[in-house]
Amino acid sequence: MTPNPSPASPAQAAELGRRRLLALGAGAAAAAGLGWTATRGAGPAHADTLPPASTDVHFFYYPWYGSPSVYGSWRHWPQGSSQPPLDISSNYYPKLGAYDSGDSAVVAQHMTWIRQAGVGVVATSWWGQGGYEDQRVPLLLDTAAQYGVKVAFHLEPYGGRTAASTVADIQYINARYGSHPAFFRDPKHGNRPAFYVFQSLLITDWSPLAAVNSANIVLTQTTDVSKATYFGGLYNYAVGTDFTGWKGIADWCRANGRVWAPSVGPGYIDDRAVPGNTTPTLQRADGGTYDRIWSGALSPANGGKPTWVSITSFNEWHEGTMVEPASSAPPAGIGYQTFVGAYGRTGAAAETAYLDRTLYWVQQFTGTTTTPPPTSPPPATTDLALHKAATASGYVQSYGPGNVVDGDANSYWESTNGAFPQWIQIDLGSTRLVSRIVVGLPPSAAWGARSETFGVQASLDANSWVVAKSPAAYAFNPATGNSVTITFPPVNARYLRVTFTANTGWPAAQASRVEVYAG
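Heads up, the sequence shown stops at 519 in the UniProt record's numbering, and the numbers go up one at a time, no gaps.
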């Protein structure tokens with residue numbers, strides 16, 4: 001996260017740490033007047049077609065960009081000696097170009113994309129009363145209201161910030177913006193608003209928060225619960241794959257009625273914004289990093305599903321953590337990176353890859369889906385796997401994976417011998433809502449009774465998987481058809497994978513058919 005270009009002493013600037021970028025420019029114009037606009041109505045017609053938005057998932061949002069056409073000069077884009085509009089202080093180039101955070105069309109596009117990602121709250125970066133970012137709040141609130149998005153606040157370490165000034169800031173924000181319909185209040189926590197406090201550890205005594213804690217949810221940026229005494233919860237903001245201590249935080253928050261909002265993100269790179277900086281780059285790995293961090297945040301090993309998930313970030317372009325679409329054809333000769341390759345996408349389709357992947361993970365987190373049912377749902381007797389593509393972890397001789405979907409009960413797949421676990425995977429060709437599979441062996445009496453242990457996983461992209469059915473032992477008996485039926489709660493999936501870990505009749509996984517049926 002880049003510091004606000006407000007004045008600060010050299011000591012204060014150094015104290016912000018290596019991850020903070022150099023300040024830009026001077027102060028901001030006088031605070032804009034209030035007066036919520038008439039755009040608080042039903043909103044754009046197309047907003048109804050966007051996915052449902054989860055208010056348990058929050059984007060960190062940055063309204064600090066400026067351009068000559070709107071603000072009067074460039075703001076934030078020139079960091080690192082860059083010369084906008086083509087040369088900007090980021091290793092990526094926005095699909096919208098070097099935009100202005102005060103441009104209503106830009107903010108509307110942002111809200112559309114945020115809803116496309118299934119996210120219901122933006123935590124807007126805020127650097128003090130009357131500052132540039134504070135002046136952007138009315139437009140942000142009005143536009144967010146049109147798109148069904150809520151606004152929380154990310155309180156930044158402006159020069160001279162203290163615990164007492166933070167209390168005053170919270171009171172100011174509530175008084176100034178608290179009546180707006182887009183102002184975030186969490187109904188699951190007494191309709192209290194949320195305030196993230198960045199670099200809260202720069203202040204040692206937070207006891208003044210007692211004046212506002214009961215009516216607000218104030219989160220400290222730390223993974224040390226001993227520093228959270230006066231706060232209503234914790235978040236970490238940093239993008240990384242080290243989940244050490246997360247389970248302890250989750251358990252502590254549950255036991256003490258606090259909010260745990262771990263932060264996830266797609267990667268990190270700030271080379272152009274801070275030339276010569278030694279902060280390690282975290283490569284996106286074509287989406288693999290984002291998936292790994294999301295998986296870690298939701299993993300039972302790390303405490304299971306948290307209260308909220310905070311995403312670093314929607315549009316922090318300086319540090320390369322953004323999910324906002326990056327141009328797939330940026331200005332040449334500067335060395336910009338793109339999202340091409342993310343989740344197998346190329347060209348313009350790659351620009352929204354991380355928005356769409358965010359929606360996938362929001363659905364995993366909330367247990368919801370926005371995939372509409374087929375216009376003509378297949379009957380429950382239609383095998384969706386029949387003659388579809390099948391792959392496997394391995395097979396012997398002619399007993400390949402295609403045998404489980406060929407419609408012949410006597411042909412079968414046999415995995416590599418003596419090497420459990422082994423899996424068989426079916427591509428349904430499109431996303432379907434499924435809730436039942438049938439696994440069979442050849443019905444011949446020559447196939448003696450046996451038990452095979454396996455579980456079922458589902459995926460939208462064959463990269464990230466959710467458990468549809470936990471592993472269990474299933475008995476196969478030729479006297480009763482040599483097949484078993486496994487049901488599970490309906491799940492949207494394009495890919496189904498059955499993973500075998502044991503077989504009492506042979507040292508390999510075996511199946512003559514894997515049938516898949518709609519929910």
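Note that the Cβ used here is the ideal one computed from N, Cα and C, for glycine as well.
Using 7 Å as the cut-off, classify the Cβ of residue i as near or not near the heavy atoms of the ligand SAH, replying yes or no.
{"i": "residue 401", "result": "Of ligands this structure carries none, so the ligand SAH is not represented either."}
In whole angstroms, what separates the C-alpha of residue i from that of residue j?
{"i": "residue 479", "j": "residue 111", "result": "60 Å"}
{"i": "residue 460", "j": "residue 101", "result": "34 Å"}
{"i": "residue 491", "j": "residue 433", "result": "5 Å"}
{"i": "residue 500", "j": "residue 455", "result": "7 Å"}
{"i": "residue 464", "j": "residue 207", "result": "43 Å"}
{"i": "residue 474", "j": "residue 452", "result": "5 Å"}
{"i": "residue 420", "j": "residue 282", "result": "34 Å"}
{"i": "residue 444", "j": "residue 410", "result": "8 Å"}
{"i": "residue 216", "j": "residue 177", "result": "14 Å"}
{"i": "residue 431", "j": "residue 181", "result": "36 Å"}
{"i": "residue 173", "j": "residue 55", "result": "20 Å"}
{"i": "residue 28", "j": "residue 352", "result": "Unreliable positioning characterises residue 28 in this predicted model, as indicated by a pLDDT of 28, which lies under 50. A coordinate reading is not provided."}
{"i": "residue 151", "j": "residue 69", "result": "26 Å"}
{"i": "residue 486", "j": "residue 440", "result": "11 Å"}
{"i": "residue 471", "j": "residue 514", "result": "16 Å"}
{"i": "residue 163", "j": "residue 318", "result": "28 Å"}
{"i": "residue 71", "j": "residue 292", "result": "39 Å"}
{"i": "residue 507", "j": "residue 115", "result": "49 Å"}
{"i": "residue 99", "j": "residue 138", "result": "18 Å"}
{"i": "residue 312", "j": "residue 113", "result": "15 Å"}
{"i": "residue 273", "j": "residue 394", "result": "47 Å"}
{"i": "residue 107", "j": "residue 65", "result": "11 Å"}
{"i": "residue 422", "j": "residue 503", "result": "11 Å"}
{"i": "residue 261", "j": "residue 231", "result": "13 Å"}
{"i": "residue 520", "j": "residue 131", "result": "With the chain covering 1 to 519 only, the question about residue 520 has no answer from this structure."}
{"i": "residue 294", "j": "residue 359", "result": "12 Å"}
{"i": "residue 145", "j": "residue 401", "result": "51 Å"}
{"i": "residue 104", "j": "residue 134", "result": "16 Å"}
{"i": "residue 160", "j": "residue 166", "result": "10 Å"}
{"i": "residue 297", "j": "residue 354", "result": "17 Å"}
{"i": "residue 306", "j": "residue 143", "result": "29 Å"}
{"i": "residue 188", "j": "residue 483", "result": "45 Å"}
{"i": "residue 403", "j": "residue 489", "result": "27 Å"}
{"i": "residue 348", "j": "residue 94", "result": "12 Å"}
Going by Cα to Cα distance, which pick from the options is closest to residue i?
{"i": "residue 477", "options": "446, 50, 433", "result": "446"}
{"i": "residue 219", "options": "517, 390, 200", "result": "200"}
{"i": "residue 510", "options": "413, 422, 130, 428", "result": "413"}
{"i": "residue 335", "options": "79, 88, 444, 74", "result": "88"}
{"i": "residue 299", "options": "273, 364, 238, 351", "result": "364"}
{"i": "residue 290", "options": "267, 202, 350", "result": "267"}
{"i": "residue 469", "options": "496, 462, 130", "result": "496"}
{"i": "residue 367", "options": "466, 422, 313", "result": "466"}
{"i": "residue 408", "options": "263, 512, 109, 105", "result": "512"}
{"i": "residue 493", "options": "502, 145, 462", "result": "462"}
{"i": "residue 340", "options": "136, 132, 285, 223", "result": "285"}
{"i": "residue 321", "options": "350, 331, 265, 305", "result": "265"}
{"i": "residue 83", "options": "202, 331, 406", "result": "331"}
By the DSSP assignment, the alpha helix (DSSP H) with residue i in it spans what residues?
{"i": "residue 138", "result": "137 to 146"}
{"i": "residue 164", "result": "163 to 177"}
{"i": "residue 104", "result": "104 to 116"}
{"i": "residue 360", "result": "353 to 366"}
{"i": "residue 297", "result": "288 to 298"}
{"i": "residue 249", "result": "246 to 256"}
Assuming residue i contacts residue j (C-beta within less than 8 Å), just tell me the rounded distance between them.
{"i": "residue 449", "j": "residue 415", "result": "About 20 Å separates the two Cβ atoms, so there is no contact after all."}
{"i": "residue 92", "j": "residue 382", "result": "That pair is no contact at about 45 Å."}
{"i": "residue 390", "j": "residue 425", "result": "7 Å"}
{"i": "residue 53", "j": "residue 128", "result": "Incorrect: roughly 29 Å between the Cβ atoms, too far for contact."}
{"i": "residue 516", "j": "residue 428", "result": "7 Å"}
{"i": "residue 247", "j": "residue 303", "result": "4 Å"}
{"i": "residue 171", "j": "residue 212", "result": "7 Å"}
{"i": "residue 194", "j": "residue 186", "result": "6 Å"}
Let's see if you can read the secondary structure: which residues bound the beta strand (DSSP E) around residue i?
{"i": "residue 390", "result": "389 to 392"}
{"i": "residue 513", "result": "513 to 518"}
{"i": "residue 150", "result": "150 to 155"}
{"i": "residue 184", "result": "It is not in any beta strand (DSSP E) - residue 184 carries neither H nor E in the DSSP assignment."}
{"i": "residue 423", "result": "422 to 440"}
{"i": "residue 160", "result": "Premise fails: residue 160 is in no beta strand (DSSP E) and is neither H nor E."}
{"i": "residue 472", "result": "466 to 476"}
{"i": "residue 486", "result": "483 to 503"}
{"i": "residue 319", "result": "Looking at the DSSP string, residue 319 is not in any beta strand (DSSP E), and its letter there is neither H nor E."}
{"i": "residue 450", "result": "450 to 459"}
{"i": "residue 123", "result": "119 to 126"}
Q: Say whether the segment 57 to 71 touches the segment 118 to 137, bearing in mind that this needs 3 or more beta-carbon pairs closer than 8 Å, one atom from each stretch.
A: Per the Cβ contact rule, the segment 57 to 71 is in contact with the segment 118 to 137 (3 or more Cβ pairs under 8 Å).
Q) Looking at C-beta atoms only, is the number of pairs between the segment 240 to 254 and the segment 324 to 331 that lie closer than 8 Å three or more? A) Taking 8 Å as the limit for Cβ pairs, the verdict is that the segment 324 to 331 does not touch the segment 240 to 254.
Q) Taking one C-beta from the segment 148 to 158 and one from the segment 275 to 285 each time, how about it: are there three or more such pairs within less than 8 Å? A) Verdict: no, contact absent.
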